[in-house]
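In this note's numbering, the protein residues as written are 3 to 110. The next block holds one structure in the form of structure tokens; read it before the comments.
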């Protein structure tokens, strides 16, 4: 009598891991989008000179958030062989974005 063991193919774990990574990245982009909205609202409540500086900061954050979103899209469309490379590039680039948001938080 031969028993068969149910073994998940290796790619199944990879797919679950990829899905979790994408959800995490998309949640971060959504959080950044909300923060930019809050920062823009704060900028509207200050004097003109300060508003110019804060608007400049939020414009830069918006550009960085847009690039982060584009990186997530590239990651979504990457082939299995490219996934880890694309993910590591995205995580390195996001360190700069996180730092920019941390610096901006001090201004707001």
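Backbone N, C-alpha and C fix where the C-beta goes; we use that ideal spot for every residue, glycine too.
Using a Cβ distance threshold of 7 Å, residue 31 and residue 66 do not count as a contacting pair.
Between residue 95 and residue 64 a beta carbon distance of about 16 Å is seen, past the 8 Å cut, so the two are scored as non-contacting. When secondary structure is reduced to three states using DSSP, residue 46 falls in the coil class, being assigned neither helix nor strand. When DSSP states are grouped into helix, strand and coil, residue 95 belongs to the helix group.
Here the segment 75-89 makes no contact with the segment 47-66; the two share fewer than three CB pairs at distances below 8 Å.
Nearest in C-alpha terms to residue 71, of all of 82, 89, 84, 83, is 89.
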